[in-house]
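Here the working numbering is used: the first residue of the sequence shown is -6, the next is one more, and so on. For each residue, glycine too, the CB sits at the ideal point set by N, CA and C. Quick notes on the structure that follows.
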Amino acid sequence: MKEFPDVIAWSIPAFVLLIVLERVSYLLHRDDDEVGYGGADTATSLAMGLGSIFADLLWKVPIAAAYALLYAFTPLRLAELWWTWPVILLAQDFCYYWSHRGHHVIRILWASHVVHHSSQRFNLSTALRQPWTGLTSWVFYIPLILAGVHPAVVAFCGSVNLLYQFWIHTERIDRMPRWYEAVFNTPSHHRVHHASQGGYLDRNFGGILIVWDRLFGSFAPERERCVYGLTKNVDSYNPVRVAFHEYASIARDLRAAVTWRHRAGHLFRAPGWQPEPGAVRATGPARPAGRTSSAPG
């Protein structure tokens, strides 16, 4: 059985140190255009991060079993050689782009991912605000397994991708060199992704590379100042509510729906979708605490 280091677990001390250093930087040099840190907000982000570690241990078992079955089924095998690693990392990042995009435009998937966008601040602690229902992503990486990439390699590449994205959750870095901004995901690009206004909604889904967004029409450059959070914010620092509020909203909409078509719409259409007025029961559904958006591109 292949084993690789748990890069996320090994990086936790570095995460904490960098968060502390970023917080100190705000104390020493405040920028009025940056929202900075808030005690309750940071505590919630840390709680969500810790909770996700334990939740992922539960989801790991069925996901690993499914991947192992698929890997045994496929006759293909892709060895981990010096020249295949860049190809595998590139392919994993491509799958991540579609997973990330899918989690923004399909409401039942958004119910998991909305956790990461629930903060109205944008700093390194926001990177740790992770969902507790991570079971929704694994299907997007099935093509890698069927292409002969070992499940442990897929998991390791996913950890590398997540590790890269930690540092781009900051307002302290303005822009990177132009060539870097053209190819890689950066703090500027990711600030747009976390913004909740108009033309910034559902943009810049890339993990390590931003070229996928440029290719598939979902890229937006940072121009106006970003307003972070959701179009309808949770306004709670309770980790349990942050983790499950959109699932509760979906349940209310399903109860109010009068047809199976509408129920399917509440599950699989974009966040914010509602049937035509008069097509629901008199009580009406609660609007989702998320983004009202449609797929870009």
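For the 8 angstroms Cβ check, are there 3 or more pairs between the region 200 to 207 and the region 86 to 94?
Counting Cβ pairs under 8 angstroms, three or more are found: they touch.
Tell me the DSSP secondary structure of phenylalanine 177 in three-state form.
One-based indexing of the sequence shown puts residue 177 at position 184. Strand at phenylalanine 177.
Between which residues of its own chain and alanine 275 is the CB-CB distance below 6 angstroms, once the five residues before and five after are set aside?
Residue numbering aside, residue 275 sits at position 282 when the sequence shown is read from its first letter. Only weak support exists for where alanine 275 lies, its pLDDT of 47 falling under 50; the value from the coordinates is given anyway. Here the set comprises nothing.
On the CB-based measure, 16 or more other CB atoms within 10 Å of its CB, does histidine 259 come out buried or exposed?
As a working mapping, residue 259 is identified with position 266 in the sequence shown. Its Cβ being crowded by 16 or more others within 10 Å, histidine 259 is buried.
Within 10 angstroms of the Cβ of valine 233, are there 16 or more other Cβ atoms? Answer buried if so, exposed if not.
Within the sequence shown, residue 233 is the residue found at index 240, counting from 1. Valine 233 comes out exposed.
Along the chain, where does the alpha helix (DSSP H) that runs through cysteine 88 open and close?
Reading the sequence shown from its first residue, position 95 is the one you call residue 88. Looking at the DSSP string, the run of the alpha helix (DSSP H) that includes cysteine 88 is 77 to 98.
Report the residue ranges of all alpha helix (DSSP H) runs contained in full by the region 127 to 198; include only those spanning at least 4 residues, in chain order.
List check, alpha helix (DSSP H) in window: 135 to 139, 144 to 159, 171 to 176 and 180 to 187.
Does DSSP put tyrosine 230 in a helix, a strand or coil?
By one-based count along the sequence shown, residue 230 stands at place 237. Three-state DSSP puts tyrosine 230 in coil, outside helix and strand.
Below 8 angstroms on the Cβ atoms is my contact criterion, and I expect isoleucine 1 with serine 105 to pass it. Report the Cβ-Cβ distance as a whole number of Å.
Along the sequence shown, read from residue 1 onward, the residue named residue 1 stands at position 8. Along the sequence shown, read from residue 1 onward, the residue named residue 105 stands at position 112. Rounded, the Cβ-Cβ distance is 18 angstroms, inconsistent with contact.
If you draw a straight line from the alpha carbon of leucine 117 to that of arginine 168, how long is it in whole angstroms?
On the sequence shown, residue 117 is found 124 positions in, with the first residue counted as 1. On the sequence shown, residue 168 is found 175 positions in, with the first residue counted as 1. Approximately 16 angstroms, taken between the alpha carbons.
Alpha carbon to alpha carbon, what distance is there between proline 268 and tryptophan 253?
The residue given as residue 253 occupies position 260 in the sequence shown. The residue given as residue 268 occupies position 275 in the sequence shown. Distance between the alpha carbons of tryptophan 253 and proline 268 is about 12 angstroms.
Which same chain residues end up closer than 7 angstroms to histidine 144 when comparing Cβ atoms and leaving out the 5 residues on each side of it in sequence?
Translated into positions along the sequence shown, residue 144 becomes position 151. The identity of residue 144 in the sequence shown is proline, whereas the question assumes histidine. Closer than 7 angstroms at Cβ, skipping near neighbours: Ala57, Tyr60, Ala61, Tyr64 and Ile138.
Measuring only the C-alpha atoms, how far is serine 287 from valine 220?
Working through the sequence shown from its first residue, we reach residue 287 at position 294. Working through the sequence shown from its first residue, we reach residue 220 at position 227. Here serine 287 scores only 38 on pLDDT, less than 50, and its place in the model should not be relied on; the value that follows carries that caveat. If you take the alpha carbons of serine 287 and valine 220, they lie about 19 angstroms apart.
Closest to alanine 213 by CA distance: which of Thr35, Gly199 and Gly44 is it?
Here residue 213 is taken as the residue at index 220 of the sequence shown, counted from 1. With distances taken between Cα atoms, alanine 213 lies closest to Gly199.
Flag phenylalanine 149 as yes when its Cβ comes closer than 8 angstroms to any non-hydrogen atom of the ligand HEM, and as no otherwise.
No copy of the ligand HEM appears in this structure; indeed no ligand is present at all.
Using DSSP with H/G/I as helix, E/B as strand and the rest coil, what is leucine 202?
Walking along the sequence shown from the start, residue 202 turns up at place 209. If DSSP states are grouped into helix, strand and coil, leucine 202 belongs with the strands.
Spatial neighbours of valine 28 within its chain, please: CB distance less than 6 angstroms, with the 5 preceding and 5 following residues excluded, ordered by chain position.
Translated into positions along the sequence shown, residue 28 becomes position 35. These residues qualify, in order along the chain: Arg114.
Could you tell me whether the Cβ atoms of valine 54 and aspartate 195 are closer together than 9 angstroms?
To locate residue 54, count along the sequence shown from 1; it is residue 61. To locate residue 195, count along the sequence shown from 1; it is residue 202. Cβ distance not < 9 angstroms, so valine 54 and aspartate 195 don't count as in contact.
So the alpha helix (DSSP H) arginine 16 belongs to, where does it begin and stop?
For the purposes of this step, residue 16 is taken as residue 23 along the sequence shown, with counting starting at 1. 0 to 21 is the extent of the alpha helix (DSSP H) around arginine 16.
On the premise that isoleucine 243 lies in contact with arginine 100, defined as a C-beta separation below 8 angstroms, what is that separation, rounded to the nearest angstrom?
Stepping through the sequence shown from its first residue, residue 100 is reached at position 107. Stepping through the sequence shown from its first residue, residue 243 is reached at position 250. Confirmed, Cβ separation roughly 7 angstroms.
Who are the Cβ neighbours of arginine 262 in its own chain at under 7 angstroms, not counting the five residues just before and after it?
Reading the sequence shown from its first residue, position 269 is the one you call residue 262. Cβ within range, chain order: Arg100.
Just how far apart, CA to CA, sit glycine 44 and proline 270?
Here residue 44 refers to the residue found at position 51 of the sequence shown. Here residue 270 refers to the residue found at position 277 of the sequence shown. One C-alpha to the other measures close to 39 angstroms.
Which residues mark the beginning and the end of the alpha helix (DSSP H) in which lysine 225 is found?
The count along the sequence shown starts at 1 and reaches residue 225 at position 232. Looking at the DSSP string, lysine 225 is not in any alpha helix (DSSP H), and its letter there is neither H nor E.
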